[in-house]
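The structure appears right after this line, and notes come after that.
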Amino acid sequence: MSDVTALWLAGPVGTQAFWIWLTFGVILLATEAFLGTQWLLWSAAAAGVVAVICLTGAPVATAGQVIVFAVLSLVMTVLTRRFLKMGASHPDINDQHIRLVGKQAEVLSGFDVTGGERTGRVMYDGVEWPAVLVDADTDFLATQAKVLIERIYEGRLYVRMVTDDTYA
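Going by my numbering, the sequence shown opens with residue 483, and the numbers climb by one from there.
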């Protein structure tokens, strides 16, 4: 028997290999459940497939099992983007803050330069919000001036000054 054939047929086969691969697959699946990345899911599935192959009695020893596992894991991981829906590109309809975009707020204070941003406080619908002024050319905003909310990020409103042509 050649060295390659001996290597191919060496190691646990049958029921013993089935339990090894099944245990490995369950460990990968538990890790995936803990992490929630979706990447270990395919390796867990590949370990399950190898476990089933071991039960068939096919003369595939450790080296062949590892190769089948690696190829299946790689192929299923590469095909993930094609078959799984990834995050939607449109805003979430359950996001309550999305309703603020395009609305007018009233300046309460400031818009001083801190940390490279012009920050201040605005009031919208009776609620005070931290805000960032996105107009770089605006020198001063008086208290009670109107600003337009452009977006919300990390609990701050990004606003710009309302001009006469804002709604034109």
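Even glycine gets a Cβ: it sits at the ideal position worked out from N, Cα and C.
| field | Helix, strand or coil at Q520 [DSSP, three-state] | value | coil
| Which partner residues of H611 appear in the DSSP bridge assignment? | The identity of residue 611 in the sequence shown is Trp, whereas the question assumes His. According to DSSP, W611 bridges with V604.
| query | Once you ignore the five residues that flank G507 on each side, which residues in its own chain have a CB closer than 6 Å to its CB? | reply | A526, A529, G530
| task | Output the boundary residues of the beta strand (DSSP E) element that contains I580. | result | First-last for I580: undefined, no H or E at that position.
| Distance, Cα to Cα, A650 vs G598? | Here the model assigns A650 a pLDDT of 45, short of 50, so the residue's position is not dependable, and the following value carries that caveat. Their backbone Cα atoms lie some 31 Å apart in a straight line.
| said: Looking at the strands, I want to know which residues DSSP matches up with A526. | reply: Paired residues: none, contrary to the question.
| message | Following a CB-centred definition, is Q520 positioned closer than 7 Å to any heavy atom of the ligand HEM? | response | Looking for the ligand HEM in the displayed structure turns up nothing, as the structure carries no ligands at all.
| V629 by DSSP, collapsed to three states: which one? | strand
| request: Would you kindly work out how many angstroms separate the C-alpha atoms of E636 and S591, rounded to a whole number? | output: 20 Å
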